[in-house]
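Visitor: Residue numbers (our numbering): 774 to 990. Virtual Cβ for every residue (Gly too), placed ideally from N, Cα, C. Sharing a structure with you now.
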Amino acid sequence: MTDTWTTPVPAPRKPLHKRRGCLSAIAVVALLLGLGRWAYVDGYGPQTQREHYSASSTQVKGYLDRAMQATTAATTPALSFDAPTYEVYRQNRYPDGEISNISTVFCRFAVTTRIAPAKVQVLVGQVSTAWQRISLQPVKQSGPDGSTVTELTTTTSDLVTLLLVVEKPPAAADYLTVRVVMTYYDVRYQPAHDYGTPTPASGAPTAATLDDPYWSH
């Protein structure tokens, strides 16, 4: 009996141009998937195309700077302030994971001049007068005389929401804590460093607490 060996015949290979076509198609699909993922995580997905913004970051910086300058120039004698900062908070992601391009921008600063508790109403009155000149609506005050915290709130003609917070110390011998928060909503997102440095009305900001012949006594 004789064994018969059959030499296996290799399967026909696809022509080279067809194999290259398959590889190209795979590469295109991978690229599209990568671009789609990038669009979702970087704010260029389909949801963001339907978003509406009140203003651009450049406009908002101008609005916040104007409001800050009106505030820092509001008092007589002039007060000193620490270095103001911009803060940007981006809206939460959509349910499908796409990131939003809507943000809220804050500008915060505090008074570094020592202000005696007896000067609360003088301070509040001067700031209220300055804010009324740039506001769309009456300036509202919360916290009656004798309360621990007094607040002023309003919205400027540029749609900046203003908040002044004056806190009395627990001891009569201490000084007031005075903070200002300015807020703009529905801004086209840009990171905080793109806003640069806020521009006060005059004078260099200082972190040191300073005594003043009028305000501190």
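1. As a quick exercise: from V938, R961 and P850, pick the residue whose alpha carbon is nearest that of S920.
2. Using 8 angstroms as the cut-off, can you tell me whether the region 899-907 makes contact with the region 959-974, which would need three or more C-beta pairs spanning the two stretches below that distance?
3. According to DSSP, simplified to helix, strand and coil, what is D959?
4. What do you get for H966, buried or exposed, if any count of 16 or more other CB atoms within 10 angstroms of its CB means buried?
5. Would you identify the three-state DSSP class for R952, choosing helix, strand or coil?
6. Can you name the residues that DSSP bridges to R887?
7. How do the region 924-935 and the region 834-849 stand: do at least 3 beta-carbon pairs fall below 8 angstroms, yes or no?
8. To the nearest angstrom, how far is it from the Cα of T849 to the Cα of P943?
9. Between which two residues does the beta strand (DSSP E) harbouring L937 extend?
10. Tell me whether S901 is buried or exposed, calling it buried when 16 or more other Cβ atoms sit within 10 Å of its Cβ.
11. Quick one: what's got a C-beta closer than 7 angstroms to H990's C-beta in the same chain, skipping five residues either side?
12. Who are the near neighbours of R863 in its chain, counting only those whose CB is closer than 6 angstroms to its CB and skipping five residues on each side?
13. Since K834 is in the alpha helix (DSSP H), which residue starts that stretch and which ends it?
14. Using a 10 Å radius around the Cβ and a threshold of 16 neighbouring Cβ atoms, would you call T844 buried or exposed?
15. Kindly indicate which three-state DSSP category S930 falls into: helix, strand or coil?
16. Taking only three categories from DSSP, how would you classify V878?
Guide: Reading it off the structure:
1. V938
2. In short, these stretches do not touch, since the Cβ pair count stays below three.
3. strand
4. exposed
5. strand
6. DSSP, once it has assigned bridges, lists no residue as partnering R887.
7. yes
8. 26 angstroms
9. Element bounds for L937: T934 to E940.
10. Buried: at least 16 other Cβ atoms inside 10 Å.
11. A889
12. S876 and Y962
13. S830 to T845
14. Buried.
15. Here S930 sits in coil by DSSP.
16. strand
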